[in-house]
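Below you'll find the structure, written out as structure tokens, and then a few comments.
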Amino acid sequence: MTASTTLALSTTNLRKSYGRQVALAGLDLEVPSGVVYGFLGPNGAGKTTTMRLLTGLIRPDSGSISVLGQSFDESKHTILYDVGALIESPSLYPHLSARDNLIVFGATGRRVGRARVEELLDLVGLRDRAGDRVSHYSMGMRQRLGIAVALLNDPKLLLLDEPANGLDPSGIVGLRDTLKALAGSGKTVFISSHILPEVQQLADIVGIVAAGRLVTQGPLSELLTSQALVRVKVQPEETAQALAVLSKLAGDGHVEISDTEAAWLTLRIVADRAAAVNRALAEVSIYASGLEAGSDLESLFLELTAPPEPPPTPTRPGAIPGWNSGVVS
Ligand SMILES: Nc1ncnc2c1ncn2[C@@H]1O[C@H](COP(=O)(O)OP(=O)(O)OP(=O)(O)O)[C@@H](O)[C@H]1O
Ligand SMILES: [Mg+2]
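Residue numbers (the numbering used here): 43 to 371.
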């Protein structure tokens, strides 16, 4: 990130433990203004803890937080007027209607007019049910209302912890359009999500945390380019020769046999060089029976968040890190 970039949010060496459980082990975030920042990480990585620290719900053990250009501690109360948040499940008044929830939340901080309440009920698709008690709402309807509450003060910075939880497909599309429009108008959106294809469509910048530390942060397009892969399938008896030829093309250490039995080789090489891969093999009379190119956030995520040590017991090919592949008895 260049020094001239305006940051909507930053943390320096942020640490937080719950008893002996380290949740954040020195987190340095840089969230530029006017972007959608996708905050990703496996279960237990520290995302919700970060969100709770950013809104003052809990205090860090050490480290500093800067929100909208101001140190968080000094200006906590007023700066939060410009921050909207939805963290885990929304905190709502169950005995009140959706409309009354918005009116009550709108009475805190900067006052919100009735027109804004009606506008938000429309935006999140709850107008027809706005008079019903929230205790009678479905999970997705509560989530929609939680998003409306987060947007109530027209915040400059929006913190959303897994906001797509329980949303139906039209809710997800609506949320995506809303968040893109907000970033387009100069607002900053900091969003955690496990729906990686959704984040890939939405985020400008991505930060990935694992075990309380940032493992990567940067523009999504650059991260995907740096992780681009080409996969090629040859005959099993040709793998050694193919490996030698392709190592010359991609550089030593950038090619591996990813599946010995099916004779797939994986090259870490930009996707638009797939044709060059095919040509190099054809020159030594190896004709690929399969060729795939591209990169996706899911592969990047799995690679960057894989446990550092190999697992003690062998796993089946393609097993997902952190997920037992055995049968539960
Ligand atoms: N109130 C708490 N008391 C004790 N430990 C906690 C508490 N909240 C979180 N932790 C621990 O802190 C770590 C980070 O949890 P956190 O909820 O921040 O993860 P997360 O990235 O939001 O995960 P998920 O994707 O499952 O929502 C975990 O090891 C968790 O067990
Ligand atoms: Mg969480």
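Glycine residues also receive a C-beta, built at the ideal position from the N, C-alpha and C atoms. Note that the structure is predicted; figures quoted are calculated from it, not measured.
If you draw a straight line from the Cα of residue 177 to the Cα of residue 131, it is about 14 Å long. Comparing C-alpha distances from residue 80 to each of 248, 298 and 293 shows the shortest one belongs to 248. Annotated three-state conformation of residue 209 is coil, per DSSP. Not one heavy atom of ligand 2 lies closer than 8 Å to the C-beta of residue 97. Checking the DSSP bridge columns, you'll see residue 252 partnered with 255.
Annotation for residue 189: 128, 166, 205 and 217 place their beta carbon closer than 7 Å to its own, counting only its chain and skipping 5 residues before and after. Within the region 59-147, the runs of alpha helix (DSSP H) at least 4 residues long that lie entirely inside it are, in chain order, 89-96 and 114-121. Residue 264 carries a helical assignment under DSSP once its states are collapsed to helix, strand and coil. Scanning 346, 277 and 251 for the CA closest to the CA of residue 327 turns up 277. The continuous stretches of alpha helix (DSSP H) do not include residue 198, and DSSP gives it neither H nor E.
For residue 271, the three-state secondary structure derived from DSSP is strand.
Judged by pairs of C-beta atoms under 8 Å, the region 101-112 does not touch the region 168-182, as fewer than three such pairs exist. Taking 8 Å as the cut-off, one finds no heavy atom of ligand 2 near enough to the beta carbon of residue 133.
Residue 90 has its CB nearer than 8 Å to a heavy atom of ligand 2. The Cβ-Cβ distance between residue 71 and residue 256 falls below 9 Å. At least one heavy atom of ligand 2 is found less than 8 Å from the C-beta of residue 203.
The beta carbon of residue 141 lies closer than 7 Å to those of 159, 163, 172 and 173 in the same chain, with the five residues before and after it left out. For the 9 Å CB-CB criterion, residue 195 and residue 135 do not form a contact. Taking a cut-off of 8 Å on C-beta distances, the region 279-294 touches the region 316-325, as three or more cross pairs fall below it.
Around the C-beta of residue 143, 16 or more other C-beta atoms lie within 10 Å, and the residue is accordingly described as buried. When the beta-carbon positions are compared, residue 87 and residue 348 stay at least 9 Å from each other. Within the same chain, and ignoring the five residues on either side of residue 281 in sequence, the residues whose Cβ sits closer than 6 Å to its Cβ are 299 and 305. In the DSSP annotation of this structure, the continuous segment of the alpha helix (DSSP H) that includes residue 345 starts and ends at 339-346. Between residue 317 and residue 272, the alpha-carbon positions lie close to 10 Å from each other. Set against 8 Å, the gap from the CB of residue 65 to the closest heavy atom of ligand 1 is smaller.
A direct Cα-to-Cα measurement between residue 334 and residue 311 gives close to 12 Å.
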